[in-house]
Structures are given as structure tokens and as C-alpha cells.
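Here the protein sequences come in this chain order: F and R.
With the numbering used here applied, the first sequence covers 1 to 397.
With the numbering used here applied, the second sequence covers 1 to 397.
Shown next, in C-alpha cells, is the structure this report addresses.
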Amino acid sequence: MRFRPGVLFVHLLLLLGGLVMAFPFYWMLATSLKSPQEALQAKPVWVPERMKPGNWLKAARLGDSPLWGGLAPGRSVELVFPGREGHPPRALVPRTPGAFFDPRADGTRVEVVYREGAWRVRLTNATEEAFRFLPLVVLWPKEVPLAAPLPPDAIRSQGEYWRLEWVNAVPGALGYVLHNYLEAWHAAPWGRYFFNSFFTALTQVAVGLFLAALAAFALARIPFPGKEAVFVLILATMMVPGEVLLIPNYVLLARLGWLDTYYALIVPWLASVFGIFLLRQFYLSLPQDLFDAARIDGAGYLTQLFRIALPLSLPGLVSYGIFTFLGAYNALLWPLIVTQSPEMRTVQLGLQAFVSEAGSDYGALMAASTFVILPVILGYFFAQRQFIQGIARSGLK
Amino acid sequence: MRTFPLHALLSLGALLALGVYAFRLGFLPWAWVGVGLGLYALLVLWGLRFGRHHALLGLGLFAYWFPPLAFLAPLLFALLFGRGLRQKEQAALYGWALVWPALALLLVWHVFPTFYAFYLSLFERVNFLRPAAFAGLENYRILLQDPLFWKALGNTFWYVVFTVPVGLLLATGVAILLNTQVAFLGFYRTLYFLPYITALTAAAAVWRWIYHPEFGFLNWLLGTPGLDWLNTPKGVFALLLEPLGVQPPGFWAGPSLAFVAIMVMSVWHFLGYQVVILLAGLQAIPKEYYEAAELDGASFWQKHRLITWPLLSPTTFFLFTLGLIGAFQVFTQVYVLTPTVGVLQDTLTLAFYLYNKGFRDSDFSYASAIAMVTFLLILVLTLIQRRVLERRVNYEI
Chain F
1 MRFRPGVLFV HLLLLLGGLV MAFPFYWMLA TSLKSPQEAL QAKPVWVPER
51 MKPGNWLKAA RLGDSPLWGG LAPGRSVELV FPGREGHPPR ALVPRTPGAF
101 FDPRADGTRV EVVYREGAWR VRLTNATEEA FRFLPLVVLW PKEVPLAAPL
151 PPDAIRSQGE YWRLEWVNAV PGALGYVLHN YLEAWHAAPW GRYFFNSFFT
201 ALTQVAVGLF LAALAAFALA RIPFPGKEAV FVLILATMMV PGEVLLIPNY
251 VLLARLGWLD TYYALIVPWL ASVFGIFLLR QFYLSLPQDL FDAARIDGAG
301 YLTQLFRIAL PLSLPGLVSY GIFTFLGAYN ALLWPLIVTQ SPEMRTVQLG
351 LQAFVSEAGS DYGALMAAST FVILPVILGY FFAQRQFIQG IARSGLK
Chain R
1 MRTFPLHALL SLGALLALGV YAFRLGFLPW AWVGVGLGLY ALLVLWGLRF
51 GRHHALLGLG LFAYWFPPLA FLAPLLFALL FGRGLRQKEQ AALYGWALVW
101 PALALLLVWH VFPTFYAFYL SLFERVNFLR PAAFAGLENY RILLQDPLFW
151 KALGNTFWYV VFTVPVGLLL ATGVAILLNT QVAFLGFYRT LYFLPYITAL
201 TAAAAVWRWI YHPEFGFLNW LLGTPGLDWL NTPKGVFALL LEPLGVQPPG
251 FWAGPSLAFV AIMVMSVWHF LGYQVVILLA GLQAIPKEYY EAAELDGASF
301 WQKHRLITWP LLSPTTFFLF TLGLIGAFQV FTQVYVLTPT VGVLQDTLTL
351 AFYLYNKGFR DSDFSYASAI AMVTFLLILV LTLIQRRVLE RRVNYEI
């Protein structure tokens, strides 16, 4: 094949645009792996320490389990700082600010000894309970060059010393890399949020699909009196923009006593005009002979629907399913209006609340954003073709 | 001999069931339910002429206590005695029986609310704390003089003017490049498409971080430290013309910098959708046209101006309409990026104003008035657009 410079140009343009499109994702991922000090830099840190494989290995040596770390009662961990004798560092486990009793600060034995050309900070769990996180502060004399066993999460100057801070001295590899994720996950009942979102979205898809399939089949394949009127009515509802429905549907839900329940999240969006149209289009494209043959064999309308029309319109069902799931999973406005209690929040609402509560903890915020979009992104990579076709189909007349 | 119109009874039953529910919730006076029950009873009585087993249909009269019965009774009857039905009757019965579940939901959650919103908008401050007074079109009169409403409308206008052409232009460019049989098509498509399936809440959270005044990536990139994108209410035209000493007044100062930041994020988010739709449109154009043009010695621009553009116009038209309607529904991005609607409410959109009025000020009637005006605007705009633009759209390939 002849090499064309035009092709290179096309690739260059596409790649440039693609970089711009993908950059927010990279920035989200990178920030989610940053310590607060790394995140809050005027000059951006492109590759945070927690992204470097060398540091994963270092972190794997700290803590009981190489993956998740932790410190069981009676066990100890040793952090090795190569240095000179005569300039001892100081080490302490900081107290949680405002805590009346802090088992980690009170129950950890800290020893600093010099052996074989290195200062060793030895932390021993003297309590009865296991620690998952063990914060550590080391004051390192400024005149001695520093080689830390794990890059500190923050370095500050404190008089003669560098104040080195670790949010967790016993992280394990995954505990080190995913620190912000763990923090974000434990900050709110995300499990509940995810359940709410998935339950809402999947119910909408399943029931909505069933109802749309019934109605679409009737509209496409059964000649019944009044069909045109029904069709026009359904067409007309398409003209009404969603915001018109917000207030009256809210009032309706309030009168039903359904506010702050799953009904409120699911029921108003079960019947979908889009779904009815999409499936009707599919059923219309099936050859009439198929249905005639079935009728001659004695198949009723329901048999025709469930045995012939539904299986043959699988791509349409998948399109509709993906579209509805995305709409329900990504919705913010409707859940915002109809739910009040934290137990009824969907993930988007939880994330929104987290945005306003997290303050300047951008690492945790980006971690939360990452795991909120993760299910959809994973779904996309598993069913890429269906996603693209499903979305493209929404644009065809 | 005429046969009993079972499908009519079925439909009446469905309406009756809805009516009883509406009566229970206080939306419908008792008289309507009475009329419905009377009609139902008359039909059943008439049915007795066709055979005594039609008495089973009388079960539906218990709808007052258990509403679905009015719909289920004819279905049960059909199940028991449906064998003898002729084909036409069967079609009528099945058609309506399959359509009604979806239709009932549409009536309750889409059709009724549309009228109810209008009804609500005629009252003085409905908030269910006290009986509301009828106010006629007073809400609309106030609305037309409400500076915030005009602000929101202006922002919607700018949103259309900025995002629709920019988005379409970029998307068309990308789609044309992707359609050149470029290698790694799937990879590039994924790059451009991912933002679209990302939840707007999460995407906006990421962009909020990118726009951060002190530590944001954008300020580092542009070398504008401290520029608070999301809290700058000054219009962009005013900002651009400032060095020239020109001070455009009011509306002509353009959308605020904060709103432009929101628009940039929105273009990024929706670009992938437009690319996928346009790519599908491009792939539908027969290759022979381009081959013929190449034989005639047409240049790249000529090919795209004379073949691609006219043949792609239905798709572009569809996306244009979608963008136009979408502009009236911008909410999530604004809610996450500027929760307090920016400085001086400079990022107010119609959907946000509706939300503010309805759910923060609990003024449901005024919010409904906003909704109705939005509805009317969208309706008029789509009609005008159809008249003016659709003539230039070429549907034939």
C-alpha cells in the first residue's frame, strides 16, 4: 500500500482532538491517586507518586498483608530510613484532631533505633484491635539527605526538621494506591446508593421494556379500531418537554404518598414513548409472511409477540435497554426532587452531596467520581457495539 | 348479527379504574366516577342480550372498591369465553388489551400532568399550605416582567447560539475524519464517545476541579492564575472588548464567563453523541457519489460541500432540533458547577429557574407558568424551524 501523508494528518487531527476529549478522564484518574499535597499544587503533578509501580512494591512491604496492609494486635512494622548516626529522627503517631480517645495514637509503641547504616522506625500495635490505617509523622533533620521507605503524603518544614506525614504507614500495595477510594467509599453509604441506582434503573428497563413491547406490537401488527387515535396521542406526548412534568408529577406523587420511595423514582418513567416507537419500527420491518404462517399454525397474538416478534427484535430491545439504563442511572434532577432521606439517594445524588461536602479533598472527590462512572464505562467496554448502535439508532427516523 | 363490543368495555374499564384512583386522590369529583360506573353497568346490561354468561362482566362494577377490576373483568371474560370470538373481535380486544398498560401510564404521568401544569399555573402561589386563590393569567403577566426569567431566557439563547453550531461543526469534522477508513476507528470513536455516557454529575465534578481558581489545570494551561471561571459574572463580549474601551450594554455583554465555562463542558459532553449520529449518517451516503466526483476531479472541499453537506442535512437537522430542545433543559451541569447559580444568578437557565421557583421557593404555580412558557417556546421554535429549515433539508439519497 502506498503511504499517503494525508492519512498521517488525519491521525494527527483525530489524536489531538481525542486527547482533549480524554484529558478530563486522565485528570480525574490522576487526581484520584494524589495525596492532598500533590493535588493542591499550582503547577500540576502529571504522575502522582501512587501511580508509580516502584512505590507499589515499597508499599507492599508495609503492613500485614501485601495487598491491603493493616496491623494486627501484637504485630509490628519497620520503616527503614538510610541515614547517619548522630542525627536521630523523631517519630510519632498523630492524634485525630478533636478525638477524646484515639487507640491508634495511644496504643501504638513507637521505637526509633539506629542499626546497619539506617534509622529504623518500628511501630508495634499494643492494643487488642487490628488497625487498617495507621497515620505516621516523622521529623527528619534537614541536614541529612532523605531516602524515605515510602514517599510521604506531605512534606512540610518545621524548624530544624522536615515534617514527613503519611496518612497510612501500613497500607499494603492496594491500600496505598486506592487510599482515596477507600476514604471516599467509607465517607458515605455508597453501597446503598449503588443499590438504589441499579434497582431503579434495572426495574425501569425490565418493566418499561415489557410494557413498550406489548404496546408496540399492538400498534404495529394488530388492526384494532381506534389505533390511529392512540398513535396520535402517543405522538403528541412526545412534544411535551420533560420539565413541564416536574411540578405536576411531584404533586401527584405527594398526593399518592409516594415521595421518598422507590415508586417515585421508577413509576413515572415506566412508559416510554421512545421505546414504543423504536420497537414499533422494528416490528414493522419484520415480514408479514412470518406472522401469517404463524397464524395458520394456530398461533394467537400473544404467541406471535413472544415467540416471533420479541426474539427477532433483540437489537431494538438492547438499544432501548441501554438508553433507558443510561437515562435512569445518570439522572440527577428527578431523584433530587422526589427523594429527601439519605437512604433513598441514588449515586448521582450521593456524588452531588459529596461534591458539596468534600470541600478541598479533591483526591477523594475524584475517586468518588471515578467509581460512580465506572459501571457504565465497564458496560461500554463489554458491549461496545451495542452501545454505539443503540445510541446511533436513536437518531434514525 | 352484531356482537358485543368487548374492547369498548375494556377501554371504559381502564378509564374507570383511572377515574376511581383520581377520585380517591381528590383530582376528580364523584360525579364523573358515577357516570363511568353507570355507563359500565349499561354496557354490561346490554351484554346480557348476547348470552347470560356476560353477567360475569358485572364484576367490573366493584371497581369502586378495587379499581383494576374494571379492566380485569373483561380480560377474565375473554380468557374464559374467548374461543368463540371472530378474528376481528379478537384483534380489537387484543389490540386494546396490549396498548392499555402503557397508555394508562402515559395518560397518568404524561398527558394529565401537561394539563395539570397549566391548571396549576392559573393559581396564586400553590404550595399546599393553604388554599390557593384563582389568579387567571396573573402569573404569566408577572413572568413577562420578571428580569430573572429574561436572564434565563437570554442564557438559553446564548446556549443555543454557542453550543449548537460549535458542537455540530466539530462533530461533523470528526465524523468526516473517522469516515475516511482510518485505522483504529474503534479506538478514536471510544475516545470521543466516552464523555457522552459519563454521568453529567461526575463529569461536571471533574470540570469543576479543572476550573478551580487556584489549583485548576486550566489556569495553569492558560497561564491565568487565580482566574475564577465559575464566579465571574462579567459577559464574555464585554471582557473581550474591554481593552478597546467599548462597554456593550446588558444583554449584549454576552453570556457570563461562568456560563461559557458551563457551555464548553456541555459541548465536550455531547460531542460524542453527535459524532456517532453523524457517522451513521455519513456511512449511509453511497460511496459511488464520491467516486463519481473524484472522476470529475472534485476537490476535498467540493466533495464535502456538494455531496456530504446536502446529503447529511437530515441528520444535521435532527441534531439541531435536539440541541435546541436540549438548551431549554440544561440543569445538571449548572447545578454541580454553580450550585448557587453563580454570582448575580448569571448562570441561570430556564430549567434551573423552574427548579428554584418550584422546589426552593415552593411556588408551584409560578414554576408551572415557567414550564408552560417553555413548552410554548419549544413548540413555536420547532414549528418555525420545520417551516424554514426543513425546506432546505434533503431527505432523499
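Even for Gly, the Cβ is constructed at its ideal location relative to N, Cα and C.
Please compile the residues from chain R whose C-beta is within a distance smaller than 7 Å of the C-beta of residue i.
i       : result
M28(F)  : V206
E243(F) : Q329, A351, L354, A371, T374
F285(F) : With the sequence shown as reference, residue 285(F) is identified as Ser, and Phe is not the correct amino acid for it. By Cβ distance, chain R contributes nothing, its closest Cβ being about 16 Å from S285(F), past 7 Å.
L351(F) : T201, A202, A205
S369(F) : A202, A205, V206
Y486(F) : Shown here, chain F extends from 1 to 397; a query on residue 486(F) therefore has no answer.
I391(F) : Y273, V276
V31(F)  : It should be pointed out that residue 31(F) corresponds to Thr in this sequence rather than to Val. W209, listed in chain order.
Starting from residue i, find everything on chain R with Cβ-Cβ shorter than 9 Å and list it in chain order.
i       : result
Y380(F) : T190, F193, L194, I197
L252(F) : L25, F27, V108, W109, F112, P113, Y116
K43(F)  : W220
A118(F) : Residues of chain R passing the Cβ test: none, with the nearest at roughly 36 Å.
Could you work out which residues of chain F lie near residue i, taking near to mean beta carbons separated by less than 9 Å?
i       : result
G13(R)  : Ordered by position in chain F, no residue passes the 9 Å Cβ test against G13(R), which lies about 15 Å from the chain.
H7(R)   : F224, P225, G226
G342(R) : None at all; the shortest Cβ gap to chain F is about 15 Å.
L214(R) : In the sequence as presented, Leu is not what sits at residue 214(R); that position holds Glu. Result: L40, A42.
By the three-class DSSP mapping on this structure, what secondary structure does residue i have?
i       : result
S266(R) : helix
T340(R) : coil
I285(R) : coil
N125(F) : strand
I378(R) : helix
E116(F) : coil
P141(F) : strand
K397(F) : Bear in mind that a pLDDT of 44 at K397(F), under 50, signals an unreliable position, so the number given afterwards is only what the model happens to contain. The answer is coil: DSSP assigns K397(F) none of H, G, I, E or B.
S121(R) : coil
I222(F) : coil
Q400(F) : With chain F represented from 1 up to 397, any question about residue 400(F) goes unanswered, as that position is not in the structure.
L432(F) : Residue 432(F) lies beyond the stretch modelled for chain F, which goes from 1 to 397, so this question has no answer here.
F402(F) : The structure shown has nothing for residue 402(F), since chain F only spans 1 to 397.
S76(F)  : strand
F277(F) : helix
S369(F) : helix
S360(F) : coil
P306(F) : The question names Pro, but residue 306(F) in the sequence shown is Phe. F306(F) falls in the helix class under three-state DSSP.
W258(F) : coil
W46(F)  : coil
What does residue i pair with, by DSSP beta-bridge criteria?
i       : result
F131(F) : L71(F)
W65(R)  : None, per the DSSP bridge assignment.
R90(F)  : L139(F)
G235(R) : S256(R)
E89(R)  : Per DSSP, none; premise fails for E89(R).
E111(F) : R122(F)
Q158(F) : Y161(F)
P82(F)  : A118(F)
S35(F)  : Answer is none; S35(F) lacks a bridge partner.
F134(R) : F123(R)
S65(F)  : G69(F)
Chain F partners of residue i, CB-CB under 7 Å?
i       : result
A102(R) : L211, A212, L214, A215, A271, I276
F428(R) : Outside the shown range of chain R (1 to 397) lies residue 428(R), about which nothing can therefore be said.
S368(R) : I247
W96(R)  : F224
E138(R) : Neighbours of E138(R) on chain F: none; closest Cβ ~17 Å, over 7 Å.
V336(R) : Q352, V355
T180(R) : V10
Give me the chain F residues within the contact set of residue i, using Cβ-Cβ distance strictly less than 8 Å, ordered along the chain.
i       : result
W46(R)  : The premise fails here: W46(R) is roughly 18 Å from chain F at the closest Cβ pair, so nothing lies under 8 Å.
I399(R) : The structure shown does not extend to residue 399(R), since chain R is modelled only from 1 to 397, so the question has no answer here.
V174(R) : L14, G17
May I ask whether a heavy atom of the ligand FAD can be found less than 8 Å away from the beta carbon of residue i?
i       : result
K151(R) : Of ligands this structure carries none, so the ligand FAD is not represented either.
Mind listing the chain R neighbours of residue i? Cutoff is C-beta to C-beta under 8 Å, in chain order.
i       : result
P268(F) : W109
Proximal residues, the segment 254-277 of chain R versus chain F, C-beta separation under 8 Å: Cβ contacts with chain F come from W268, L271, G272, Y273, V276, I277.
Short-range partners of chain R found in the segment 326-345 of chain F, where Cβ spacing is below 9 Å: Answer set for the segment 326-345 of chain F: L326, Y329, N330, A331, L332, L333, L336, I337.
Listed from N- to C-terminal order along the chain, which residues in the segment 289-309 of chain F have their beta-carbon within a distance smaller than 7 Å of any beta-carbon of chain R? Per Cβ criterion, the list reads Y301.
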